[in-house]
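Colleague: Just dropping this structure here.
Residue numbers (the numbering used here), protein chains in the order written: chain V, 10 to 502; chain L, 342 to 696.
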């Protein structure tokens with residue numbers, strides 16, 4: 010019996026490993042796999058039935074060994090979470106392989122232990138708790154990964170020193186990528202500029218951007234810095250050493266990891282330490298407070314999409330120190346542009362230098378870009394976004410369109426305890442603007458349905474993005490408009 | 342198991358376009374080693390089957406590091422062993438891959454390579470020197486001047502270009518000389534110098550491909566269609582054109598017989614005067630029937646393969662001929678004639694020369 014059960018557990022273990030390792034990879038190797046496992050197992054009636062069955066079998070396994078077969082069989086689930094993934098495949102990077110080896114060793118040890126004591130119970134529990142083993146591996150290997158990464162960071166630091174560009178660092182809860190693109194565009198009229206690619210905003214990503222992208226002769230390096238916790242930005246700044254540091258926005262993004270917006274401000278404001286000039290968008294009260302506080306010990310350029318600060322982008326105009334400089338392209342993101350201009354001024358560029366480059370600002374893909382698709386209806390692509398403020402702005406864009414209007418969304422995530430509330434509010438607002446709301450997936454389904462019920466829109470529920478696209482093709486025609494708001498990778502239910 | 346090696350990328354404004362050219366060449370030639378030169382200047386051996394998107398975020402995941410040793414018989418070295426390619430296909434655009442830097446390095450390593458040698462490469466990337474060389478052999482060119490502190494050498498409007506560089510990046514049009522000087526001071530692309538020439542309103546661009554093997558041949562002539570603004574930008578030229586292959590052009594251009602004959606005659610003379618080798622593209626300006634030699638692109642995007650329509654020439658044939666040419670003759674031969682030791686034997690002590 011024990012050998013048969015162990016063999017089945019081994020096979021089931023491989024399936025579980027593929028699933029949960031992919032979640033670990035998609036979640037930046039943070040120990041949140043168990044949390045995702047809960048989400049998935051309780052995402053549908055079928056999955057709840059499967060996990061309940063697995064749990065009961067696990068309970069029975071110490072008494073009746075064959076029950077472990079039930080736990081193994083339950084590893085065909087959670088239904089919906091693919092083995093290799095569609096939107097984001099499991100990539101066998103060295104880091105993933107190290108994690109897989111660790112997880113495999115722990116799992117094998119538990120199986121061997123079971124064989125040793127002739128009990129199926131350890132194998133059954135190991136399967137049921139597989140996500141916990143993955144999280145354990147993430148925690149144990151974190152320091153190892155850190156020291157392995159140091160090699161690349163050291164190389165990057167040496168490269169930065171030898172090329173010697175001035176460095177700008179940009180952080181914020183959202184709008185970082187657009188602000189970076191604006192800054193790089195405006196500054197490249199005056200400096201040979203290299204910007205870090207969009208997704209390279211953590212320690213190793215920045216190191217890679219520098220090692221591979223920093224051409225000799227680069228005069229300005231624009232670094233985007235993201236953070237999942239306190240100390241991360243301080244660590245990046247310790248070797249990237251920005252001369253100008255910018256804070257674009259604060260919002261409840263990744264709130265579940267930080268706890269409060271104040272904690273987010275504290276973590277992001279690490280970027281200012283050591284910089285010569287800080288550029289802060291003061292439209293958010295928390296950032297206004299921070300700007301006032303920090304201006305006592307460093308130069309702060311306050312910027313705004315409203316009527317305050319040195320740099321203002323309001324009503325289609327760029328105003329610096331109270332004076333009109335230039336008109337702003339209508340599709341530009343005002344607050345992001347204001348920050349970018351603030352950075353340019355901090356670098357010593359003149360108003361004329363900035364104005365000359367304003368005409369052809371780049372657009373960020375998937376950030377409220379509007380196009381007309383094959384079906385003849387307008388498509389507002391805001392799939393890059395996952396924050397409440399941006400989602401409302403996208404609704405404003407939709408409201409300006411004619412014809413039948415639809416919103417497709419899986420809702421927003423990582424908003425902590427405000428997630429349900431924010432999604433409900435968004436769906437309610439969307440139901441006022443749109444004629445149809447298509448709710449994708451199960452992650453935020455309840456909250457979105459609650460919100461949508463408050464408005465006049467008809468509501469459709471689908472499981473995948475593909476089904477939503479098919480819905481749009483058969484229900485919309487020329488002159489209509491659809492907003493794709495956020496897109497969740499497929500490791501979300 | 343020696344085979345050709347394709348190199349692309351490099352620390353250049355045209356790094357990305359070079360990847361597209363390089364992958365096309367590698368795919369068409371088939372059995373080749375492929376070397377990716379990163380923006381930061383490192384060498385990597387990559388798989389020939391890679392797609393452009395694999396490079397979008399930087400060095401592809403499966404790239405293996407290479408070194409380069411500038412000593413005879415060394416060159417590209419992988420795991421301490423020279424790759425010893427039969428020939429190197431240089432698919433770099435702009436920067437050190439096209440301006441002679443890489444060519445000089447390949448010369449020192451004893452590698453045979455496609456395209457012009459170091460000196461002709463450098464000439465093609467120096468707009469001031471190239472214009473002067475064409476004028477010196479009596480070819481029609483626009484007056485081209487170095488932008489400095491002095492007064493306007495001729496009346497505007499002007500077209501201002503970075504002196505060095507192969508793409509349209511950094512090119513500006515200005516009505517008066519003060520603006521020219523201001524542009525030159527503020528643009529990072531003109532930090533190494535800028536040239537100005539008269540901006541010909543209502544002129545058109547005419548471009549022709551040249552190849553030098555198996556014999557000197559000229560392609561059809563194309564006319565890129567300019568946008569409203571007058572000159573075309575880098576974005577229009579490359580990004581919107583999908584790697585210089587689609588839209589925005591008239592090919593072959595509608596020309597009267599005499600004009601076409603003149604361009605063809607001039608092209609042969611440019612090829613000789615500029616030392617072209619491999620496949621190049623010569624750009625002319627034409628206004629009211631008068632033709633001027635404007636620029637040469639010694640390693641054009643996609644090797645200007647789209648121009649070879651009459652007679653039709655397959656990409657594979659075009660690239661293979663480049664390889665054959667590289668194998669047939671070295672781009673550069675060093676000479677030590679005269680250094681037979683006589684001067685050294687008769688020299689006496691160095692100390693005596695210091696007195």
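Note that beta-carbon positions come from the ideal geometry of N, C-alpha and C, so glycine has one too.
All values derive from a computational prediction rather than experimental measurement.
Buried or exposed: which applies to residue 188 of chain V, given that a residue is buried once 16 or more other Cβ atoms fall within 10 Å of its Cβ?
Modeller: Under this definition residue 188 of chain V is a buried residue.
Colleague: In angstroms with no decimal places, state the Cα-to-Cα distance between residue 439 of chain V and residue 465 of chain V.
Modeller: 9 Å
Colleague: Count the C-beta pairs between the region 534-543 of chain L and the region 554-561 of chain L that are closer than 8 Å, then say yes if the count reaches three, no if not.
Modeller: Cβ pair count under 8 Å is below three, so no.
Colleague: Identify whether residue 587 of chain L lies in helix, strand or coil by the three-state DSSP scheme.
Modeller: The predicted position of residue 587 of chain L is uncertain, since its pLDDT is 44 and thus under 50; a value taken from the coordinates is nonetheless stated next. Coil at residue 587 of chain L, not helix or strand.
Colleague: Taking the C-alpha atoms as reference points, what is the distance between residue 454 of chain L and residue 427 of chain L?
Modeller: 9 Å
Colleague: Beta-carbon separation of residue 162 of chain V and residue 224 of chain V under 7 Å?
Modeller: no
Colleague: Looking at the C-beta of residue 448 of chain L, does it have a partner C-beta in chain V at a distance below 7 Å?
Modeller: no
Colleague: Between residue 160 of chain V and residue 605 of chain L, what straight-line distance do the alpha-carbon atoms span, to the nearest angstrom?
Modeller: One C-alpha to the other measures close to 56 Å.
Colleague: Taking C-beta to C-beta, are residue 411 of chain L and residue 385 of chain L nearer than 7 Å?
Modeller: With a cutoff of 7 Å on beta-carbon distance, residue 411 of chain L and residue 385 of chain L are scored as not near each other.
Colleague: Restricting to runs no shorter than 3 residues, where is the beta strand (DSSP E) found entirely within the region 113-180 of chain V?
Modeller: 175-180
Colleague: Could you list which residues in chain V have their beta carbon closer than 8 Å to that of residue 380 of chain L, in chain order?
Modeller: 203, 221, 222, 223, 224
Colleague: What are the start and end residues of the beta strand (DSSP E) that includes residue 558 of chain L?
Modeller: 558-565
Colleague: At the level of alpha carbons, what is the spacing between residue 475 of chain L and residue 611 of chain L?
Modeller: 7 Å
Colleague: List the residues of chain L that residue 206 of chain V touches, going by C-beta distances under 9 Å, in chain order.
Modeller: What residue 206 of chain V touches in chain L: 397, 398, 399.
Colleague: Return helix, strand or coil for residue 356 of chain L, following the three-state DSSP convention.
Modeller: Residue state, collapsed to three classes: helix.
Colleague: Starting from residue 294 of chain V and walking both ways along the beta strand (DSSP E), at which residues does that stretch end?
Modeller: Looking at the DSSP string, residue 294 of chain V is not in any beta strand (DSSP E); the run it does join, the alpha helix (DSSP H), is 294-303.
Colleague: Determine whether the beta carbon atoms of residue 232 of chain V and residue 300 of chain V lie at a separation below 7 Å.
Modeller: no
Colleague: Name the residue from V:97, V:59, V:11 whose alpha carbon lies nearest to the alpha carbon of residue 70 of chain V.
Modeller: V:11
Colleague: By the DSSP assignment, the alpha helix (DSSP H) with residue 34 of chain V in it spans what residues?
Modeller: 11-35
Colleague: Would you report the Cα separation of residue 420 of chain L and residue 407 of chain L, rounded to the nearest angstrom?
Modeller: 7 Å
Colleague: Hey, quick one: how far does the beta strand (DSSP E) through residue 254 of chain V stretch, first residue to last?
Modeller: 253-256 is the extent of the beta strand (DSSP E) around residue 254 of chain V.
Colleague: So that I know if they touch, is there some Cβ in chain V lying closer than 7 Å to that of residue 503 of chain L?
Modeller: It does not: the Cβ of residue 503 of chain L has no partner Cβ on chain V nearer than 7 Å.
Colleague: Figure out for me which residue from L:456, L:436, L:589 has the closest Cα to the Cα of residue 615 of chain L.
Modeller: L:456
Colleague: Between residue 313 of chain V and residue 303 of chain V, how many whole angstroms is the CB-CB distance? I'm expecting something under 8 Å.
Modeller: Actually they do not touch by this definition, with Cβ atoms about 16 Å apart.
Colleague: Can you confirm whether residue 462 of chain L, when its beta carbon is compared against all beta carbons of chain V, has any partner nearer than 7 Å?
Modeller: no
Colleague: Could you tell me the alpha carbon to alpha carbon distance between residue 566 of chain L and residue 646 of chain L, rounded to whole angstroms?
Modeller: 19 Å
Colleague: Are at least three pairs of beta-carbons, each pair with one atom in the region 444-461 of chain V and one in the region 406-420 of chain V, less than 8 Å apart?
Modeller: yes
Colleague: Please say whether residue 524 of chain L and residue 501 of chain L have beta carbons closer to each other than 7 Å?
Modeller: Yes.
Colleague: Using 10 angstroms around the beta-carbon of residue 496 of chain L, count the other beta-carbons present and answer buried if the total reaches 16, otherwise exposed.
Modeller: exposed
Colleague: Report the neighbours of residue 168 of chain V on chain L: residues whose CB is nearer than 9 Å to its CB, in chain order.
Modeller: 381
Colleague: For residue 608 of chain L, which three-state DSSP category applies?
Modeller: helix
Colleague: Which chain L residues are close to residue 200 of chain V, counting only those with a beta carbon under 7 Å from its beta carbon?
Modeller: Per Cβ cutoff of 7 Å: 529.
Colleague: Check the C-beta distance from residue 74 of chain V over to residue 143 of chain V and give it rounded, since I have them as a contact under 8 Å.
Modeller: No, residue 74 of chain V and residue 143 of chain V are not in contact; Cβ-Cβ is about 25 Å, not under 8 Å.
Colleague: Three or more C-beta pairs under 8 Å: does that hold for the region 389-403 of chain L against the region 678-691 of chain L?
Modeller: no
Colleague: Excluding the 5 residues flanking residue 154 of chain V on each side, which residues of the same chain have their C-beta closer than 8 Å to its C-beta?
Modeller: 38, 104, 107
Colleague: Can you check whether the CB of residue 239 of chain V is closer than 7 Å to the CB of residue 276 of chain V?
Modeller: yes
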